[in-house]
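Peer 1:
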Amino acid sequence: MHSYTNADASILAVTPLDRGVGVLLDTVWGTVLDAVAGLTGIDILGFPFMQRAYLAAICIGVIGPLVGAFLVHREMAMIADTLAHSAFAGVAAGLFVNAVYAVAVPPLLSALVVAAVAAVLVQTLVDYAGAYRDTSLAIVLTGAFAIGSVLITATDGGIAVGINAYLFGSLATVSRPNAALLVALSAIVTVGIALAYRPLVYITFDEIGARASGIGVRRYNQLLAVLTAVVVVGSMQIMGVILVAAMLVVPVAAAAPVRGFKRSIAAAVGIAQLATIAGVSLSYVYDVAAGGTIVLVGIGLYVASKLGVRFRNRAVAGIPAADESEQTAPAADGGRE
Numbered sequence: 032m033h034s035y036t037n038a039d040a041s042i043l044a045v046t047p048l049d050r051g052v053g054v055l056l057d058t059v060w061g062t063v064l065d066a067v068a069g070l071t072g073i074d075i076l077g078f079p080f081m082q083r084a085y086l087a088a089i090c091i092g093v094i095g096p097l098v099g100a101f102l103v104h105r106e107m108a109m110i111a112d113t114l115a116h117s118a119f120a121g122v123a124a125g126l127f128v129n130a131v132y133a134v135a136v137p138p139l140l141s142a143l144v145v146a147a148v149a150a151v152l153v154q155t156l157v158d159y160a161g162a163y164r165d166t167s168l169a170i171v172l173t174g175a176f177a178i179g180s181v182l183i184t185a186t187d188g189g190i191a192v193g194i195n196a197y198l199f200g201s202l203a204t205v206s207r208p209n210a211a212l213l214v215a216l217s218a219i220v221t222v223g224i225a226l227a228y229r230p231l232v233y234i235t236f237d238e239i240g241a242r243a244s245g246i247g248v249r250r251y252n253q254l255l256a257v258l259t260a261v262v263v264v265g266s267m268q269i270m271g272v273i274l275v276a277a278m279l280v281v282p283v284a285a286a287a288p289v290r291g292f293k294r295s296i297a298a299a300v301g302i303a304q305l306a307t308i309a310g311v312s313l314s315y316v317y318d319v320a321a322g323g324t325i326v327l328v329g330i331g332l333y334v335a336s337k338l339g340v341r342f343r344n345r346a347v348a349g350i351p352a353a354d355e356s357e358q359t360a361p362a363a364d365g366g367r368e
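By the count of our numbering, the sequence shown reaches residue 368 at its end, each step adding exactly one.
#1: From which residue to which residue does the alpha helix (DSSP H) around E238 run?
#2: Going by CA-CA distance only, name the one from L140, V171, A243, V153 that's closest to A215.
#3: Using 8 Å as the cut-off, can you tell me whether the stretch 81-94 makes contact with the stretch 253-270, which would need three or more C-beta pairs spanning the two stretches below that distance?
#4: Closest to F127 by CA distance: which of S266, W60, S180, A241 is it?
#5: Which same chain residues, not among the five before or five after E106, have their C-beta less than 8 Å away from its C-beta?
#6: Kindly list the residues whose CB is nearer than 6 Å to the CB of V347, restricted to its own chain and excluding five residues on each side of it in sequence; keep chain order.
#7: Give the range of the alpha helix (DSSP H) segment to which V98 is assigned.
#8: Going by beta carbon distance, what residues of the same chain come within less than 6 Å of A320, once the five residues before and after it are set aside?
#9: Quick check on A162: buried or exposed, where buried means 16 or more other Cβ atoms within 10 Å of its Cβ?
#10: How close, in whole Å, do the beta carbons of M278 and S295 come, if the pair is a contact with beta carbons under 8 Å?
#11: Kindly indicate the opening and closing residues of the alpha helix (DSSP H) around A135.
#12: From which residue to which residue does the alpha helix (DSSP H) around V220 run?
#13: Between the stretch 142-150 and the stretch 116-124, do at least 3 Cβ pairs fall closer than 8 Å?
#14: If you count every other CB in all the chains shown that lies within 10 Å of the CB of G247, and 16 or more means buried, which is it?
#15: In whole angstroms, give me the CA-to-CA distance for K337 and L305.
#16: For L76 versus A210, is the C-beta spacing smaller than 7 Å?
#17: According to DSSP, simplified to helix, strand and coil, what is T186?
#18: Return helix, strand or coil for L332, following the three-state DSSP convention.
#19: Spatial neighbours of Y233 within its chain, please: CB distance less than 8 Å, with the 5 preceding and 5 following residues excluded, ordered by chain position.
#20: Near I73, what residues of its chain come up, given a Cβ to Cβ distance below 8 Å and the 5 sequence neighbours on each side ignored?
#21: So, at 6 Å on beta carbons, what are the nonlocal neighbours of Y309 in its own chain, with the 5 sequence-adjacent residues on each side left out?
#22: Pull up the distance between the alpha-carbon of S206 and that of R83, whole angstroms please.
#23: Assign A162 to one of three DSSP states: helix, strand, or coil.
#24: According to DSSP, is P288 part of a helix, a strand, or is it coil?
#25: Can you have a look at G339 and say buried or exposed, based on whether 16 or more other CB atoms are within 10 angstroms of its CB?
#26: Identify, in the order they occur along the chain, each residue of the same chain with its Cβ nearer than 7 Å to the Cβ of D165, setting aside the five sequence neighbours on each side.
#27: If the criterion is Cβ atoms closer than 7 Å, does the pair A285 and L213 meet it?
#28: Could you tell me which of A123, P288, A100 sits nearest to N344, measuring between CA atoms?
#29: Out of D158, T113, A218, which one is the CA nearest neighbour of L168?
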């Protein structure tokens, strides 16, 4: 009689989805970075956990500015921070259920569900709160964080260690399933923005005109809010809850001097790629928090962008520094081309 070992059991338990994830992360992405590591002599590119971290960084560098561009130009960046704290409550809920009821609930899945529900609630408050929009968002933000803190202390601090990685971000949290989930979420966000791009641009720069044209403004606003929740949940693995909103704001702000909405988004994605990849690399080399390092690199690029505009304006005759904001603002109609 053949006796099965633990290795045999693990092989038999492999599903087609697991095999697909293995092909994506190992056969394709892993092979590419292994080859680059061999050619360049950069050893960290050959480490599996760093390969997953770089893949996550690239995904975050794409979807953050894609959604953030609409939020920033609509002065709704606060929503990202609110949803990040809602996602924290979702993570705490998942860890709480795992600890108390011994039910296997992936924390990122519970975070995604809670953040999506919060996104609809937040957008509803934004639609109806009027002048009290900031107050409504602050209530949801603090309420969600309060729920998360209560769930953590309800287990006598038993899940506090697990929650720290989600609060501050960690390269080690990007496991194979989490990396595959982030790739899937990135695809959803990219496709969603591509399909709804024109209505979203119209609403962003002329919401009244969009309503008059018969566009379902409320529906698209809720879609943008849900996509923001998806970005937040995907990015919190590396960025952490506290800093995740930065990836929706800082690259877009750094790309502000670029004229035309489409071109400014492309520039923001490029800046975000530089910030995330450099931040992950520096985080590993100096053994510091990945999220904080990425944000600091991004802010450095933002400062460099502002200084570059100032020096350019001084070099061009007849453009006083006082007109800088007017010269650097993205053209609203540039995105409709």
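All C-beta atoms in this analysis are idealised placements derived from N, C-alpha and C, irrespective of residue type, glycine included.
Just so it is clear, the structure is predicted and the values come from calculations on it, not from any experiment.
Peer 2: Concretely, from the data shown:
#1: Residue range 238-243 is occupied by the alpha helix (DSSP H) that includes E238.
#2: L140
#3: Between the stretch 81-94 and the stretch 253-270, the count of Cβ pairs shorter than 8 Å is three or higher; the stretches touch.
#4: S180
#5: There are no such residues.
#6: Same-chain partners within the cutoff: there are none.
#7: Boundaries of the alpha helix (DSSP H) harbouring V98: 79-104, taken from the DSSP string.
#8: F199
#9: For A162, the predicted structure reports a pLDDT of 49, less than 50, and the residue's modelled location is therefore unreliable. A value from the coordinates is still provided. When all chains shown are included, A162 counts as exposed.
#10: About 16 Å separates the two Cβ atoms, so there is no contact after all.
#11: Run containing A135: none; DSSP gives neither H nor E here.
#12: 207-226
#13: yes
#14: exposed
#15: 17 Å
#16: no
#17: coil
#18: helix
#19: G240, A241, S244, I246, R367
#20: V67
#21: Here the sequence assigns Ala to residue 309, which means Tyr is not the residue at that position. So the list reads V328, once near-sequence residues are dropped.
#22: 7 Å
#23: Low confidence applies to A162: its pLDDT is 49, below 50, so where it sits in the model is not reliable enough to give any reading.
#24: coil
#25: Around the beta carbon of G339, fewer than 16 other beta carbons lie within 10 angstroms, which makes this residue exposed.
#26: M109
#27: Going by C-beta atoms, A285 is not nearer than 7 Å to L213.
#28: P288
#29: With distances taken between Cα atoms, L168 lies closest to T113.
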